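Reading through the structure tokens given below for one structure.
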Amino acid sequence: MHSLDVMNHKAEEKTSLSLHCYYPVSDCPMEEANAHSIGCILRYGNFSMVFTGDMPAEAEKEMLYAIKKEGQSPSVDIVKLAHHGSKTSSSPLFLSETKGKFALFSYGKKNRYGHPHKITLEKCNSFGLIPLETAKLGEILIRTDGEDYQIITPCTPP
């Protein structure tokens, strides 16, 4: 994995914003398109969130390694789960290392792939992650001032 510091901005009150992006780099060909997904960690003050694209579990592991190699903690507030909650992603290692409070699942109602997968939902439950599901809540807006954050949705869960 290679890291690129896309944004790094310091506001007057010592609240910094950074977006680190990670891409799996390998000498071996990656035949599956999802293995090429970029992962990112957004940090703003005390708030952090990880975005995983459609990366499979092996790419999640590489991303964790790259984050730690930089001397950073992979611990975040919100985990945007990879591949719409597919069973090929969101490994126990990734969920335990990121230590999120919330798991964001982006998927459509009655999708033909059956996302999110039951196994992924069970893994999130076992790590105490509170699910935020677009199919149930609609658009999910996350706002932060770098200290606290709000999760705003137009729908309430049933």
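Taking our numbering, the leading residue of the sequence shown gets 922, the next gets one more, and so forth. Quick reminder that beta carbons are idealized off the backbone N, C-alpha and C, glycines included. Predicted, not measured: the structure shown is a model, and the values here were computed from it.
CB-CB under 6 Å to Lys1022, same chain, minus the five flanking residues each way: which ones, in chain order?
Hits under 6 Å: Asp998.
Own chain residues within Cβ distance below 7 Å of Ala932, not counting five before or after:
The predicted position of Ala932 is uncertain, since its pLDDT is 48 and thus under 50; a value taken from the coordinates is nonetheless stated next. Once the five neighbours on either side are set aside, Ala932 has no close Cβ partner at all.
contact_flag[the stretch 1037 to 1050, the stretch 1064 to 1078] where n(CB pairs < 8 Å) is 3 or more:
Touching, no.
Beta strand (DSSP E) segment containing Pro1052, residue limits
Ile1051 to Glu1054
Less than 8 Å between the C-beta atoms of Phe972 and Cys961, yes or no?
Result yes, Cβ atoms of Phe972 and Cys961 sit closer than 8 Å.
Under a Cβ-count criterion, where at least 16 other Cβ atoms within 10 Å of its own Cβ denotes burial, should Ile988 be classed as buried or exposed?
buried
Can you give me the C-alpha to C-alpha distance between Gly1029 and Glu1043, rounded to a whole angstrom?
19 Å
Count the other CB atoms, across all protein chains shown, that sit within 10 Å of the CB of Ile1040; report buried if there are 16 or more and exposed otherwise.
With fewer than 16 Cβ atoms within 10 Å of its Cβ, Ile1040 is classed as exposed.
If you measure between the beta carbons of Glu1054 and Phe1015, is that distance less than 8 Å?
no
State the Cα-Cα distance for the pair Ser1011 and Glu981, rounded to the nearest angstrom.
8 Å
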